[in-house]
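Enquirer: Numbering (the working numbering), first residue to last: 278 to 450. By construction, the Cβ of each residue, glycine as well, lies at the ideal position given by its N, Cα and C atoms. Below are the structure tokens for one structure; questions will follow.
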């Protein structure tokens, strides 16, 4: 059985991510989407919220599970019996970064095989950070997000804006 892990912070999951998940689910018997914590990022959604959002977005893919873990990806792979690590590449910068991670993972576990998927041209410019920035400035990015995640993002940003206005009003008093 070919089992793969697709790790990421997915804050939020984009249609580019979803495309990779669909393509990976066609190649692997089982694909585990691993929602990870990236300490260098300030997440908009909690890990639990992201897991629930992604589960809804992949609900039609029977061989895809959504999990979460902390620590090394290779340790997760060993726990669930995965031999393949799935990663997406948008550009040469991604390639250089992912190549180094693949080398380190292979050093940590020589059974870890990284499989790279090239992003489709319509998704090569996407990043979760860019989409959050555009949405925060009032831009419409609904064409790049699954519907359930687009709605959750709008609600979260509206709530943040309301809290900011409330805080500003309290300072002004």
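Since residue 414 is in the beta strand (DSSP E), which residue starts that stretch and which ends it?
Expert: No beta strand (DSSP E) contains residue 414, which DSSP labels as neither H nor E.
Enquirer: Quick check on the DSSP output: the beta strand (DSSP E) that includes residue 364 runs from which residue to which?
Expert: Its beta strand (DSSP E) spans residues 361-366.
Enquirer: With C-beta atoms as the reference, is residue 282 less than 8 Å away from residue 350?
Expert: The answer is yes: Cβ separation under 8 Å.
Enquirer: Expressed to the nearest angstrom, what Euclidean distance is found between the alpha-carbon atoms of residue 370 and residue 278?
Expert: Rounded to the nearest angstrom, the two C-alpha atoms are 32 Å apart.
Enquirer: Given this structure, state the Cα-to-Cα distance separating residue 331 from residue 437, to the nearest angstrom.
Expert: Looking at the two C-alpha atoms, the distance is approximately 22 Å.
Enquirer: So what does residue 307 bridge to, in DSSP terms?
Expert: According to DSSP, residue 307 bridges with 280.
Enquirer: Which one of 431, 428, 340 and 301 has the shortest CA to CA distance from residue 391?
Expert: Comparing Cα positions, the closest option is 301.
Enquirer: Counting only beta-carbon separations shorter than 8 Å, does residue 318 have a partner in chain B?
Expert: No chain B appears in the structure shown, which is made up of a single protein chain.
Enquirer: Taking its Cβ as the centre, do 16 or more other Cβ atoms sit within 10 Å of residue 405, making it buried, or is it exposed?
Expert: Answer is buried; the Cβ neighbour count reaches 16.
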